[in-house]
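A.B. asks:
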Amino acid sequence: ERITTADMLALIDDEFRKMAKNITSMLSGLESVFVSGSEVFTSSQKSAKLGFVGEIVSVDISKIKSAQAPVILVSPIASSETESAAGYRDLYNVNADVSASRLAIALAASELIYCTKVNGVNDSAGNLIEKIDADGAAELISSGVIDGGMIPKVRSALESLKSGVGSVRIGRTLIM
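So our numbering is basically just the index in the sequence shown, starting at one, shifted up by 1279.
Here you go:
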């Protein structure tokens, strides 16, 4: 599991802001806005030994709903449930796949697209799987065909579908 120190979290947050600027420039002409996940996601600390790694406990879509842009980029950073004695909230690094899923569910999205470095979910022969159901995904995970970072992505995709998101795509680009 990932471990996140306070110093690492500051770097992670900064990198997401830079990535949002890069994505915005690649969208060539589409207006977009960046919203820090800390304004959307509330989290509890996953484990003290993991540092500033969190589990999302709630999603507030008011910032998303009020954003005046067709594309809204949200970082996988969450704020703590409670304020400290000094009046601030801790920030937590949360899984990006889980945060995308939870946001899609909260927005009652018709579609969730996971943009990845790979073409999608592959079978044991390395061929792209066009469609997969929960049983098929569970079998591929238990047999080790789906592994590593694809596991939380597939599990989050299935959770999204189970919770009302219309469809989920996993792949290299937005255009499929």
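Heads up, the beta-carbon is just placed ideally off N, CA and C, and yes, glycines get one too.
#1: Does the Cβ of I1249 have 16 or more other Cβ atoms within 10 Å, making it buried, or fewer, making it exposed?
#2: When the Cα atoms are used, what is the spatial distance from A1391 to A1327?
#3: When the Cβ atoms of the region 1368 to 1385 are set against those of the region 1408 to 1417, are three or more pairs found closer than 8 Å?
#4: Note down, in chain order, each residue of its chain lying with its Cβ closer than 7 Å to the Cβ of L1419, except the 5 sequence neighbours on either side.
#5: For L1352, name the three-state secondary structure that DSSP assigns.
#6: On the DSSP letters alone, give me the boundaries of the alpha helix (DSSP H) that R1281 sits inside.
#7: For M1429, does the count of other Cβ atoms within 10 angstroms reach 16, so buried, or fall short, so exposed?
#8: Would you mind giving the Cβ-Cβ distance between I1351 and V1377, rounded to the nearest angstrom? I have them listed as a contact below 8 Å.
#9: Quick one: residues in its chain with C-beta nearer than 8 Å to the C-beta of V1332, no 5 flanking neighbours on either side, listed in chain order?
#10: Kindly indicate which three-state DSSP category L1386 falls into: helix, strand or coil?
#11: To the nearest angstrom, report how far apart S1363 and D1402 are at their CA atoms.
#12: Quick check: what's the CA-CA separation for T1303 versus R1381?
#13: Just how far apart, CA to CA, sit S1446 and I1340?
#14: What does the Cβ neighbour count give for K1344, buried or exposed, with the cut at 16 atoms within 10 Å?
#15: Relative to the C-alpha of S1435, which candidate in L1407, L1309 and I1449 has its C-alpha closest?
#16: Where A1289 and G1427 are concerned, what is the direct C-alpha to C-alpha distance, given to the nearest angstrom?
#17: Could you pull the DSSP bridge partners for G1333 from this structure?
#18: Cα-Cα, which of L1306, K1297, M1298 and V1338 is closest to G1316?
C.D. replies: Quick look at the numbers:
#1: This structure cannot settle anything about residue 1249, because the visible part of the chain is limited to 1280 through 1455.
#2: On the sequence shown, position 112 is the one that residue 1391 refers to. On the sequence shown, position 48 is the one that residue 1327 refers to. For the record, residue 1391 in the displayed sequence is Leu; it is not Ala. Looking at the two C-alpha atoms, the distance is approximately 32 Å.
#3: Segments in contact, no.
#4: If you number the sequence shown from 1, residue 1419 lands on position 140. Spatial neighbours of L1419 in its own chain (CB-CB distance under 7 Å, excluding positions within 5 residues in sequence) are listed in chain order as I1425.
#5: The residue labelled residue 1352 in the question sits at position 73 within the sequence shown. In this structure, L1352 counts as strand in the three-state DSSP scheme.
#6: Indexing the sequence shown from 1 puts residue 1281 at position 2. Per DSSP, R1281 is not a residue of any alpha helix (DSSP H), being assigned neither H nor E.
#7: Locating residue 1429 in the sequence shown gives position 150, counting from the first residue. Only buried fits M1429, as 16 or more other CB atoms lie within 10 angstroms of its CB.
#8: Taking the first residue of the sequence shown as 1, we reach residue 1351 at position 72. Taking the first residue of the sequence shown as 1, we reach residue 1377 at position 98. Actually they are not in contact, since the Cβ atoms of I1351 and V1377 sit about 18 Å apart, beyond 8 Å.
#9: Counting from one through the sequence shown, the residue named residue 1332 turns up at place 53. Here the set comprises E1280, R1281, I1282, T1283, Q1324, K1325, S1326, Y1371, N1372 and V1373.
#10: Along the sequence shown, one-based indexing puts residue 1386 at 107. Three-state DSSP puts L1386 in coil, outside helix and strand.
#11: Translated into positions along the sequence shown, residue 1363 becomes position 84. Translated into positions along the sequence shown, residue 1402 becomes position 123. C-alpha separation (whole angstroms): 47 Å.
#12: Counting from 1 along the sequence shown, the entry for residue 1303 is found at position 24. Counting from 1 along the sequence shown, the entry for residue 1381 is found at position 102. Looking at the two C-alpha atoms, the distance is approximately 23 Å.
#13: The residue labelled residue 1446 in the question sits at position 167 within the sequence shown. The residue labelled residue 1340 in the question sits at position 61 within the sequence shown. Rounded to whole angstroms, S1446 and I1340 show a C-alpha spacing of 20 Å.
#14: Reading the sequence shown from its first residue, position 65 is the one you call residue 1344. Counting Cβ neighbours within 10 Å, K1344 comes out exposed, since fewer than 16 surround it.
#15: Numbered from 1 along the sequence shown, position 156 holds the residue referred to as residue 1435. Of the candidates L1407, L1309 and I1449, the one whose C-alpha sits nearest the C-alpha of S1435 is I1449.
#16: Indexing the sequence shown from 1 puts residue 1289 at position 10. Indexing the sequence shown from 1 puts residue 1427 at position 148. Approximately 25 Å, taken between the alpha carbons.
#17: Your numbering for residue 1333 matches position 54 in the sequence shown. Answer is Q1324, bridged to G1333.
#18: Position 37 of the sequence shown, counted from the first residue, corresponds to residue 1316. Here the closest residue by C-alpha is V1338.
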